[in-house]
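Respectively, the protein sequence lines represent chains W and R.
Just so you know, the numbering used here puts 69 at position 69 of the first sequence, and the rest follows in order with no gaps.
Count along the second sequence from 1, then add 465; that gives the number in the numbering used here.
All residues carry an ideal CB built from backbone N, CA and C; glycine is no exception.
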Amino acid sequence: MAISFSRITDRMDHLYEFDREPVSSDKLQTGARFAGLFAGEHVAATEFVIGAFFVLHGVSLYDLFLGLILGNLLAVLSWTFICAPIATRTRLTLYWYLRKIAGPGLNLIYNLANAILYCILAGAMIAVSATALGLAFGIAIPSLDDVLPSSFGWICLTLAIGIIFTILAVLGFEKLSRFAQVCSPWIFILFIAGALALLPRLGVHANFDNFFTVAKTKIWNGVAADGQEKFHLAHVLFFAWFCNLAMHIGLSDMALFRYAKRWLYGLYSAFGMYLGHFLAWICSGIMVAAIGREMHPGLMAFEAAGLAGAAGVFIAGWTTANPTLYRAGLALQVITPNWPRWKVTLSAGLLTTILSCFPVFFVKLLDYVAIYGLILMPVGAIVIAEHWLFPLFKIEQYQTGKNKKLFNGRALIVWAGTLLVCYFLPIHLFFRWLPGYILALVAYVLLHVIRKKQDVKPGFAKETI
Amino acid sequence: MWKIVLSSLACISLLCCLAAPLIYFLGRISEKNYKGIFLLASVFWFFFASLRVLQRKNDQKSGSIGE
Chain W
1 MAISFSRITD
11 RMDHLYEFDR
21 EPVSSDKLQT
31 GARFAGLFAG
41 EHVAATEFVI
51 GAFFVLHGVS
61 LYDLFLGLIL
71 GNLLAVLSWT
81 FICAPIATRT
91 RLTLYWYLRK
101 IAGPGLNLIY
111 NLANAILYCI
121 LAGAMIAVSA
131 TALGLAFGIA
141 IPSLDDVLPS
151 SFGWICLTLA
161 IGIIFTILAV
171 LGFEKLSRFA
181 QVCSPWIFIL
191 FIAGALALLP
201 RLGVHANFDN
211 FFTVAKTKIW
221 NGVAADGQEK
231 FHLAHVLFFA
241 WFCNLAMHIG
251 LSDMALFRYA
261 KRWLYGLYSA
271 FGMYLGHFLA
281 WICSGIMVAA
291 IGREMHPGLM
301 AFEAAGLAGA
311 AGVFIAGWTT
321 ANPTLYRAGL
331 ALQVITPNWP
341 RWKVTLSAGL
351 LTTILSCFPV
361 FFVKLLDYVA
371 IYGLILMPVG
381 AIVIAEHWLF
391 PLFKIEQYQT
401 GKNKKLFNGR
411 ALIVWAGTLL
421 VCYFLPIHLF
431 FRWLPGYILA
441 LVAYVLLHVI
451 RKKQDVKPGF
461 AKETI
Chain R
466 MWKIVLSSLA
476 CISLLCCLAA
486 PLIYFLGRIS
496 EKNYKGIFLL
506 ASVFWFFFAS
516 LRVLQRKNDQ
526 KSGSIGE
């Protein structure tokens, strides 16, 4: 078992070989590049769903604006003060840094968890695209309570789209990535255009004099849709903060910020947060209110911008699912000996396609995003503790890497233990990650302090004897 | 030269995508016209922006220092 495990981790190392060396100073990127990257990445298909869900969850206007301003600010600060400093100091990806800290075995588990989570996310994107294509065929989309596929038509539609997306990802991931670059500014404009065009339907005057009245009474009126939980300021604030938890607190954006000249480049994440997770969410909220509060991204965009709108939702789902499928494939490649990239992407795509049939991942997207961040968050805490807190407590860093161990047992205990505690915490799912993060930080340091004391005692005894 | 022309045309197309709903919101054009203009401007955006990306790729292949 140990031999096969190390073979797997060797293969994994080989896959990420090109990232092994710290980024050299001549490869550092400008701030404008980071601004563009963030703006493009965070205006995606999910934005059509998230902003609309805030309306369905009965968020009031005040709670929405304040929650999004503060929550996105906290997200930007998390990138700036947690993720970027560690990335600019090490110039490594999380993969290689975690390998030093937690060992290749735990790295493998992290990769697999990431792959499965990516597949589910890509599945949700396929479902978003399906809502647009379903309009053409008159296929009803699932209701907000649906867990299992609601109709045969929905299954056929998601399977067909999933297979097409997978084949296209297999045929040319890079070409699609370039296409996504072309799409992202247009998708952002689609959000603005859609909201603007539907404002008259809600009764907003051309001079905007009654906008806030309409917003308070017809859009974010504080009334939750049937069967939907009522959200308040804290829900919006925390959601905006943890929406990309795996990237900032979870440190997976170290891959990005290792190219930053300074840690302050984390502030460029504001371009993604305030364009995508603020403006785009507000726009999709306006659109869903204008179509009678029905969670139907395809219909929302079609009503707002006609054929181009429906195409926009389809394309947004596609361009978001494509890199997600690629990343899932990359992560899965470690357990598929000697498989070429196309075969792995195809497998990840097929898994994603099957998952996309289940509407639960699409209609419960907010909860899924929370769970996604929660699962990967303890890894970020472990890395932060080892990087910043160990020197403070005079604990030796990178013991697992130095001793060439396969697993860092304490890291595994902290990761699993944190998730177990979070599962039983008697608070809303959205708020569980924060106490969980603090717990993981403290527990990881404590376990090492205890171990250090145990190691010191026998030596001390010998010396006194 | 081509790069500037393609970039300008792509930007104009995107501006048209934004202007159409604004003019519709102000009540100057009908919904049908707005959606038609938006669709047309979107097609132009994809055409010019894609050409621009291809141009950039060709420049990189030929080792141009223009980028």
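Interface positions of the stretch 499–519 of chain R facing chain W (Cβ-Cβ less than 7 angstroms), listed along the chain:
Answer set for the stretch 499–519 of chain R: Y499, K500, F503, L504, S507, W510, F511, A514, S515, V518.
Taking only three categories from DSSP, how would you classify A461/W?
In this predicted model, A461/W has a pLDDT of only 46, less than 50, meaning its place in the structure is not dependable enough to derive any value.
Quick one: using the 10 Å Cβ neighbour count with 16 as the cut-off for buried, is V49/W buried or exposed?
Buried, because 16 or more other Cβ atoms sit within 10 Å of the Cβ of V49/W.
Can you list the residues of chain R that P192/W reaches, using a CB-CB cut of under 8 angstroms?
For the sequence presented, residue 192/W should be read as Ile rather than Pro. Ordered by position in chain R, the residues that pass the 8 angstroms Cβ test against I192/W are L483, P486.
Could you give the distance in angstroms between the alpha-carbon of Y274/W and the alpha-carbon of R451/W?
The C-alpha of R451/W is placed about 45 angstroms away from the C-alpha of Y274/W.
Kindly give me the distance between the Cβ atoms of I141/W and G134/W, rounded to whole angstroms, as I take these residues to be in contact under 8 angstroms.
Going by Cβ atoms, the distance from I141/W to G134/W rounds to 6 angstroms, so yes, they are a contact pair.
Residue-chain proximity (P200/W, chain R), Cβ-Cβ < 8 angstroms
Yes, its Cβ sits closer than 8 angstroms to a Cβ of chain R.
Opening and closing residue of the alpha helix (DSSP H) in which A304/W lies:
Per DSSP, A304/W belongs to the alpha helix (DSSP H) from 297–332.
Tell me the residue span of the alpha helix (DSSP H) that contains M247/W.
Note, M247/W: premise wrong, no alpha helix (DSSP H); not H, not E.
Where in the stretch 66–98 of chain W do unbroken runs of the alpha helix (DSSP H), each at least 4 residues long, occur, reported from the N-terminal end onward?
The stretch 66–98 of chain W contains these whole alpha helix (DSSP H) runs: 84–90.
So which residues of chain R does V182/W contact, with C-beta pairs closer than 7 angstroms?
Correct list: F511, A514, S515, V518.
In chain W, which residues lie with their C-beta within 9 angstroms of the C-beta of L479/R?
Going along chain W in sequence order, the residues near L479/R (Cβ under 9 angstroms) are P185, W186, I189.
Do V128/W and A45/W come within 8 angstroms of each other at the CB atom, strictly closer than that value?
Yes, these two residues count as a Cβ contact at 8 angstroms.
Between which residues of its own chain and H296/W is the CB-CB distance below 7 angstroms, once the five residues before and five after are set aside?
So the qualifying residues of the chain are T131, I141.
How many angstroms separate the CA atom of L446/W from the CA atom of A385/W?
Computed Cα separation, rounded: 10 angstroms.
Would you say L471/R lies against chain W (beta-carbon separation less than 8 angstroms)?
Not one chain W Cβ lies under 8 angstroms of L471/R.
For a cutoff of 8 angstroms on Cβ pairs, would you count S529/R as touching chain W?
Because S529/R carries a pLDDT of 46, less than 50, the predicted location of this residue cannot be relied on, and the following value inherits that uncertainty. No - not a single Cβ of chain W is within 8 angstroms of the one on S529/R.
Is it the case that the stretch 230–246 of chain W contacts the stretch 84–101 of chain W, given that we only count it when at least three CB pairs across the two stretches are under 8 angstroms?
The stretch 84–101 of chain W, when compared against the stretch 230–246 of chain W, does not touch it at the 8 angstroms Cβ threshold.
Compare the C-alpha of A234/W against each of A160/W, C357/W, H428/W, M287/W and name the closest.
Answer by Cα proximity: H428/W.
Cβ atoms of A75/W and A240/W: under 8 angstroms apart, would you say?
The answer is yes: Cβ separation under 8 angstroms.
Amino acids of chain R, ordered along the chain, whose beta-carbon sits closer than 8 angstroms to that of A35/W:
Against chain R, a Cβ distance below 8 angstroms from A35/W picks out nothing, because the smallest value is about 17 angstroms.
List the residues of chain W that L491/R touches, going by C-beta distances under 7 angstroms, in chain order.
Neighbours of L491/R across chain W, judged by C-beta separation under 7 angstroms: A206.
Of all the residues that make up the stretch 281–293 of chain W, which are near chain R by a beta-carbon distance shorter than 8 angstroms?
Residues passing the 8 angstroms Cβ filter: none.
Could you compute how far the alpha carbon of F503/R sits from the alpha carbon of F34/W?
Cα to Cα, the separation comes out at about 29 angstroms.
Can you give me the C-alpha to C-alpha distance between Q181/W and F271/W, rounded to a whole angstrom?
For Q181/W and F271/W, the distance between alpha carbons rounds to 16 angstroms.
Neighbour list for A197/W in chain R, Cβ cutoff strictly below 7 angstroms:
Close to A197/W, with beta-carbon spacing below 7 angstroms, are these residues of chain R in chain order: P486, Y489, F490, Y499.
Which bits of chain R does L307/W rub up against, with CB to CB less than 8 angstroms?
Among the residues of chain R, those whose CB is under 8 angstroms from the CB of L307/W are K500, L504, following chain order.
Using only the alpha-carbon positions, how far apart do S478/R and S507/R sit?
When rounded, the distance between both Cα atoms is 7 angstroms.
So, are the CB atoms of A305/W and G312/W less than 8 angstroms apart?
In contact: A305/W and G312/W (Cβ atoms closer than 8 angstroms).
Other residues of its chain near P314/W: CB distance less than 8 angstroms, five sequence neighbours each side excluded:
With the sequence shown as reference, residue 314/W is identified as Phe, and Pro is not the correct amino acid for it. For F314/W, where only same-chain residues beyond five positions count, the Cβ hits under 8 angstroms are S129, A132, L133, G298.
What are the partner residues of N221/W, as DSSP defines its beta bridges?
Answer by DSSP bridge pairing, in chain order: S60/W.
Who does A260/W pair with in a DSSP beta bridge?
Looking at the DSSP assignment, A260/W forms a beta bridge with Q29/W.
Burial state of D63/W, where buried means 16 or more other Cβ atoms lie within 10 Å:
Classification of D63/W: buried, given that the 10 Å Cβ count is 16 or more.
Going straight from the alpha carbon of S269/W to that of L519/R, what length do you get?
The alpha-carbon atoms of S269/W and L519/R are separated by roughly 28 angstroms.
C-beta atoms of V414/W and Y444/W nearer than 8 angstroms:
With a cutoff of 8 angstroms on beta-carbon distance, V414/W and Y444/W are scored as near each other.
Would you mind reading off the limits of the alpha helix (DSSP H) that contains I291/W?
According to the DSSP assignment, I291/W belongs to no alpha helix (DSSP H), since it is labelled neither H nor E.
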